[in-house]
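Numbering (our numbering), first residue to last: 365 to 621. Everything on this sheet refers to the single structure shown next.
Right, here's the structure in full:
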């Protein structure tokens, strides 16, 4: 799955008054993925994003700075977060680690939820090409994604959501990477005041012609230690296409202040 685990899954469902009193969130979500990603090798990716978010008055701004480590990556392949933007069928592999691509995302609620109408939340995401292209940790190019999210409430504890976006992909020389659509949909259920379970599907087109795009089924559990939303999270990821990892998962936490 593309960028989103930290952003989509680390969101904790709290009331607006809590966000107003505690607008800052600092979190970390280390995760691990194993799979072929459409290559002949089983690739291991460790992704450890630390994020800082500010939320107030219908605006949410989030900065994500990740550490990334990859093992058994085919020589010439390039990562974007926890998936492969560019693949090769090289028999030789390499391992590397270092700073990943830094992301900056802004979401703005232009229409609040009212009756049967969901909240409408356009967003802009920028991927800065800070990961080493020489080591294969990134493409070395910026990406820009525009999209919109729809969020609603059923009763008092069921929260369906969906997002669709279009990413303008920066391509290194000779790679021919393509712009892609991204999408996800799911539901969060607050089983108690402190426990939230989320199930979602997430996918995207492939940036590289001739390969399957990523598609994932994700199950997450949040435990809120405080009413403001500080807590811990565990999630599991099952790849559904040849463009995804076979299995993945992570555990982390966040502090809301």
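Ideal Cβ positions, reconstructed from N, Cα and C, are used throughout, including at glycine. Here the structure is a predicted model, which is why all the values come from computation and not from measurement.
Residue i classed as buried or exposed, judged by whether at least 16 other C-beta atoms fall within 10 angstroms
i: residue 596; result: exposed
i: residue 522; result: exposed
i: residue 464; result: buried
Straight-line Cα distance separating residue j from residue i
i: residue 400; j: residue 461; result: 19 Å
i: residue 582; j: residue 539; result: 30 Å
i: residue 573; j: residue 439; result: 18 Å
i: residue 558; j: residue 483; result: 24 Å
i: residue 555; j: residue 563; result: 13 Å
i: residue 388; j: residue 498; result: 35 Å
i: residue 617; j: residue 504; result: 29 Å
i: residue 516; j: residue 585; result: 19 Å
Residue i in three-state terms, based on DSSP
i: residue 609; result: coil
i: residue 483; result: strand
i: residue 449; result: strand
i: residue 549; result: strand
i: residue 573; result: coil
i: residue 495; result: coil
i: residue 592; result: coil
i: residue 385; result: helix
i: residue 424; result: strand
i: residue 503; result: coil
i: residue 430; result: strand
Residue span of the beta strand (DSSP E) that contains residue i, given as start and end
i: residue 443; result: 442 to 444
i: residue 457; result: 457 to 463
i: residue 398; result: 395 to 399
i: residue 414; result: 407 to 420
i: residue 470; result: 466 to 472
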